[in-house]
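S.K.: Residue 173, in the working numbering, is where the sequence shown stops; the numbers in between run on with no holes.
Please see the structure below; I have some questions.
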Amino acid sequence: AYQQAALAQPCDPRPYLDLGRLTLDRYRQGNAYASPWQAIAALKQAVAHSSIALPSPQWGEGTGVRGGNDYAAESHALLAQAQHLIGETESALENYRNALHLAPLRTDWSLGLGQVCLELNRPEAAITALQEALIHAPTPRHPAVLEALTRAYAPSHLWPEAHQTAETALGF
Numbered sequence: 002a003y004q005q006a007a008l009a010q011p012c013d014p015r016p017y018l019d020l021g022r023l024t025l026d027r028y029r030q031g032n033a034y035a036s037p038w039q040a041i042a043a044l045k046q047a048v049a050h051s052s053i054a055l056p057s058p059q060w061g062e063g064t065g066v067r068g069g070n071d072y073a074a075e076s077h078a079l080l081a082q083a084q085h086l087i088g089e090t091e092s093a094l095e096n097y098r099n100a101l102h103l104a105p106l107r108t109d110w111s112l113g114l115g116q117v118c119l120e121l122n123r124p125e126a127a128i129t130a131l132q133e134a135l136i137h138a139p140t141p142r143h144p145a146v147l148e149a150l151t152r153a154y155a156p157s158h159l160w161p162e163a164h165q166t167a168e169t170a171l172g173f
């Protein structure tokens, strides 16, 4: 159905975005017929077609998306997630940065960027991304962000910050 929709409107990123999102979700759920590579193929098409700003009624006002192109931001972020899953960390880094340029208030994307930076042994960049994630997190004790931030402080020998962040995560 998604492929037929893409063929019907080849310049519309939405069918590609939906197919990529669905494929990635199915892969994460353990579906043997879904792979990150399939998601990447669809999401690259979504990124290519999302340069045309389309109205995005699903997100609405106040989402923090620059330029009004929600599809481009989400396409880049999902592409980064899929690339990260298969170990394409440099590509994931670039796509997380593109997504956050368009939608800087997304905690989950800043967390993803921070995790990729940690894997690339770039703790300073990870700290910056993870601090941004905490600023926009729905709760100041976002466990995944605090855990990643604690891991980012250690290679930089920021022991007091690592200790304080770990205590915050544990609720002390």
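Don't be surprised by glycine CBs; every beta carbon is placed ideally from N, CA and C.
Just confirm the distance between the C-beta atoms of residue 74 and residue 100, as a whole number of angstroms; I'd bet it's less than 8 Å.
M.R.: Reading the sequence shown from its first residue, position 73 is the one you call residue 74. Reading the sequence shown from its first residue, position 99 is the one you call residue 100. Going by Cβ atoms, the distance from residue 74 to residue 100 rounds to 5 Å, so yes, they are a contact pair.
S.K.: If distances are taken between C-alpha atoms only, which option among 126, 12, 119 comes closest to residue 72?
M.R.: On the sequence shown, residue 72 is found 71 positions in, with the first residue counted as 1. Comparing Cα positions, the closest option is 12.
S.K.: Between residue 167 and residue 82, what straight-line distance do the alpha-carbon atoms span, to the nearest angstrom?
M.R.: For the purposes of this step, residue 167 is taken as residue 166 along the sequence shown, with counting starting at 1. For the purposes of this step, residue 82 is taken as residue 81 along the sequence shown, with counting starting at 1. Their backbone Cα atoms lie some 26 Å apart in a straight line.
S.K.: Here's the rule: buried if 16 or more other CB atoms are within 10 angstroms of the residue's CB, otherwise exposed. What is residue 111?
M.R.: Here residue 111 is taken as the residue at index 110 of the sequence shown, counted from 1. Classification for residue 111: buried.
S.K.: Between which two residues does the alpha helix (DSSP H) harbouring residue 155 extend?
M.R.: Here residue 155 corresponds to residue number 154 of the sequence shown, with the count starting at 1. Counting along the chain, residue 155 falls outside any alpha helix (DSSP H), and DSSP gives it neither H nor E.
S.K.: For residue 87, which of helix, strand or coil comes out of DSSP?
M.R.: Stepping through the sequence shown from its first residue, residue 87 is reached at position 86. DSSP places residue 87 in coil when its eight states are reduced to three.
S.K.: Thinking C-beta only, is residue 151 closer than 8 Å to residue 138?
M.R.: Locating residue 138 in the sequence shown gives position 137, counting from the first residue. Locating residue 151 in the sequence shown gives position 150, counting from the first residue. Against a cut-off of 8 Å, the Cβ pair of residue 151 and residue 138 comes out as no contact.
S.K.: In whole angstroms, give me the CA-to-CA distance for residue 146 and residue 104.
M.R.: Locating residue 146 in the sequence shown gives position 145, where the first residue counts as 1. Locating residue 104 in the sequence shown gives position 103, where the first residue counts as 1. If I take the Cα positions, the gap works out to 18 Å.
S.K.: What is the DSSP secondary structure of residue 118, counted as helix, strand or coil?
M.R.: Taking the sequence shown and counting its residues from 1, the one referred to as residue 118 is at position 117. Of the three classes helix, strand and coil, the one that applies to residue 118 here is helix, per DSSP.
S.K.: Let me check understanding here. Comparing Cα to Cα, which of 80, 158, 87, 27 lies closest to residue 95?
M.R.: Locating residue 95 in the sequence shown gives position 94, counting from the first residue. Residue 80 is the option with its Cα nearest to residue 95.
S.K.: Applying the 10 Å Cβ sphere with the 16-neighbour rule, what's the burial state of residue 97?
M.R.: For the purposes of this step, residue 97 is taken as the residue at position 96 of the sequence shown. So residue 97 ends up on the buried side.
S.K.: Mind reading off the beta-carbon distance from residue 93 to residue 117? Whole number of angstroms is fine, and I expect it under 8 Å.
M.R.: In the sequence shown, counting from the first residue as 1, residue 93 sits at position 92. In the sequence shown, counting from the first residue as 1, residue 117 sits at position 116. That belief holds up - the Cβ atoms of residue 93 and residue 117 are roughly 5 Å apart, short of 8 Å.
S.K.: Looking only at its chain, what residues have a beta carbon closer than 8 Å to the beta carbon of residue 59, apart from the 5 residues adjacent to it on each side?
M.R.: In the sequence shown, residue 59 corresponds to position 58, counting from 1. Bear in mind that a pLDDT of 47 at residue 59, under 50, signals an unreliable position, so the number given afterwards is only what the model happens to contain. Here the set comprises 71.
S.K.: Between residue 24 and residue 85, what straight-line distance do the alpha-carbon atoms span, to the nearest angstrom?
M.R.: Within the sequence shown, the letter at position 23 stands for residue 24. Within the sequence shown, the letter at position 84 stands for residue 85. Approximately 15 Å, taken between the alpha carbons.
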